[in-house]
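To start, the structure itself, in structure tokens.
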Amino acid sequence: MKLIKTKAELRDMLKEERRRGKGIGLVPTMGYLHEGHLSLVKKARQENETVVVSIFVNPTQFGEGEDYGTYPRDLNQDTDRCEEAGADIVFAPEVEEMYAQKSAAFVDMDRLTDRLCGASRPGHFRGVMTVVSKLFNIVRPDRAYFGQKDAQQVLVIKRMVRDLDFDVQIVEAPIVREADGLAMSSRNAYLNPTERAAALVLSRALCGARQRIEDGERRGDVIGFDIARQISSEPLADLDYVEVVDAKTLEPLREIRGSVLIAVAARIGSTRLIDNIKLEV
Ligand code: PAF
Numbered sequence: 093m094k095l096i097k098t099k100a101e102l103r104d105m106l107k108e109e110r111r112r113g114k115g116i117g118l119v120p121t122m123g124y125l126h127e128g129h130l131s132l133v134k135k136a137r138q139e140n141e142t143v144v145v146s147i148f149v150n151p152t153q154f155g156e157g158e159d160y161g162t163y164p165r166d167l168n169q170d171t172d173r174c175e176e177a178g179a180d181i182v183f184a185p186e187v188e189e190m191y192a193q194k195s196a197a198f199v200d201m202d203r204l205t206d207r208l209c210g211a212s213r214p215g216h217f218r219g220v221m222t223v224v225s226k227l228f229n230i231v232r233p234d235r236a237y238f239g240q241k242d243a244q245q246v247l248v249i250k251r252m253v254r255d256l257d258f259d260v261q262i263v264e265a266p267i268v269r270e271a272d273g274l275a276m277s278s279r280n281a282y283l284n285p286t287e288r289a290a291a292l293v294l295s296r297a298l299c300g301a302r303q304r305i306e307d308g309e310r311r312g313d314v315i316g317f318d319i320a321r322q323i324s325s326e327p328l329a330d331l332d333y334v335e336v337v338d339a340k341t342l343e344p345l346r347e348i349r350g351s352v353l354i355a356v357a358a359r360i361g362s363t364r365l366i367d368n369i370k371l372e373v
């Protein structure tokens with residue numbers, strides 16, 4: 093496996109792969125890789141001849157006062173994990189390599205980015221779309237892999253690919269959870285043991301909602317209220333949002349039917365966590 097730090101070297105290498113007719117899979121990450129990321133790398137391994145994992149903590153998707161400076165980083169551990177999972181190339185540029193000085197061009201989107209995490213983190217999706225577009229232009233992958241844990245991100249990227257005619261297939265993979273149900277996230281590393289236990293309230297509340305829907309409840313507001321009540325009953329949790337929405341448009345659902353996304357975000361202590369479930373009703 094090769095560790096590459098510059099765009100020019102990566103482009104040269106991939107040009108050669110492409111000339112030999114090899115399909116390229118890209119797994120964009122911000123590093124501190126866990127089993128969720130590795131499931132994407134393994135899926136990419138099965139479906140492509142060449143697998144590139146990008147590791148880049150992208151400053152433009154963090155707002156002021158967010159955790160850009162403290163975001164966990166461990167490139168040595170990440171490259172070992174990528175190699176074990178079958179990656180061919182890790183692309184880990186510095187910020188100065190990725191962004192030209194005084195970069196002035198960005199990618200943005202109407203509507204879909206105004207809701208859920210977009211409402212709580214203004215500018216976040218502009219940063220995500222910009223860096224993902226840059227990665228698509230640098231790597232020119234046939235397929236790119238994203239986890240369902242960031243369900244809104246997957247939707248936004250799929251829409252960006254459609255609207256801007258990127259020639260790449262977006263592959264979505266399920267959330268990977270710890271044995272007790274906590275959705276895997278690099279940010280789980282911030283949690284102390286008490287917070288780690290408190291964080292389970294998110295997956296438990298979602299699990300309870302799934303059960304109520306399976307038992308016949310169809311009122312979106314009732315399900316949303318019930319989840320909010322459960323999360324707010326945890327003293328260490330500070331609820332950001334609960335949304336019961338159409339999984340394709342993110343429009344709130346009065347009646348639960350069709351493709352449904354139930355998404356939550358909350359701070360546990362000072363750590364912001366997200367989780368969701370998708371249902372076909
Ligand atoms: O999901 C992430 O880790 C990031 O948002 C991504 C897609 C790598 C862009 O920086």
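Taking my numbering, I'd label the letters of the sequence shown as residues 93 to 373. Every residue gets a Cβ at the ideal spot worked out from N, C-alpha and C, and that includes glycine.
Next on the checklist: Please identify the residue among L132, E186, I369 whose C-alpha is closest to the C-alpha of P151.
Outcome noted: Among L132, E186, I369, the Cα nearest to that of P151 belongs to E186.
Item to check | Residue interval of the alpha helix (DSSP H) (run including Q244) | outcome: Looking at the DSSP string, the run of the alpha helix (DSSP H) that includes Q244 is 243-256.
Checklist entry - Going by beta carbon distance, what residues of the same chain come within less than 6 Å of S278, once the five residues before and after it are set aside? => result Within its own chain, the residues whose Cβ lies closer than 6 Å to the Cβ of S278, once the five positions on either side in sequence are excluded, are Y124, P164, listed in chain order.
Next on the checklist: Going by beta-carbon coordinates alone, are L327 and L227 separated by less than 8 Å?
Outcome noted: In the sequence on display, residue 327 carries Pro and not Leu. Contact flag unset, no.
Next on the checklist: Give me the residue from S131, D332, P285 with the minimum Cα distance to L294.
Outcome noted: Checking every option, the nearest Cα to that of L294 belongs to D332.
Next on the checklist: Judging by CA-CA distance, which residue of E287, V248, E109 is the nearest neighbour of S225?
Outcome noted: For the residues E287, V248, E109, the minimum Cα distance to S225 belongs to V248.
Checklist entry - Along the chain, which unbroken stretches of the alpha helix (DSSP H) at least 4 residues long are found entirely within the region 174-250? => result The qualifying runs are 187-190, 208-212, 216-231.
Item to check | Residues surrounding the ligand PAF [beta-carbon distance to nearest heavy atom under 6 Å] | outcome: Going along the chain, the residues that qualify are P120, T121, M122, N150, Q153, V220, V223, V224, D242, Q245.
Checklist entry - From which residue to which residue does the alpha helix (DSSP H) around I96 run? => result It is not in any alpha helix (DSSP H) - I96 instead sits in the beta strand (DSSP E) that spans 94-96.
Checklist entry - How would you call N168, buried or exposed, if buried means at least 16 neighbouring beta carbons within 10 angstroms? => result That one is exposed.
Next on the checklist: Under DSSP, the beta strand (DSSP E) around A357 begins and ends at which residues?
Outcome noted: Residues 351-360.
Next on the checklist: Residues in the same chain with beta-carbon distance under 6 Å from V334, minus the five sequence neighbours each way, listed in chain order, please.
Outcome noted: Cβ within range, chain order: G316, I319, A320, V356.
Checklist entry - From which residue to which residue does the beta strand (DSSP E) around L142 run? => result Before going on, a small fix: residue 142 reads as Thr here, not Leu. 142-147 is the span of the beta strand (DSSP E), which, as asked, contains T142.
Checklist entry - According to DSSP, is V293 helix, strand or coil? => result Here V293 sits in helix by DSSP.
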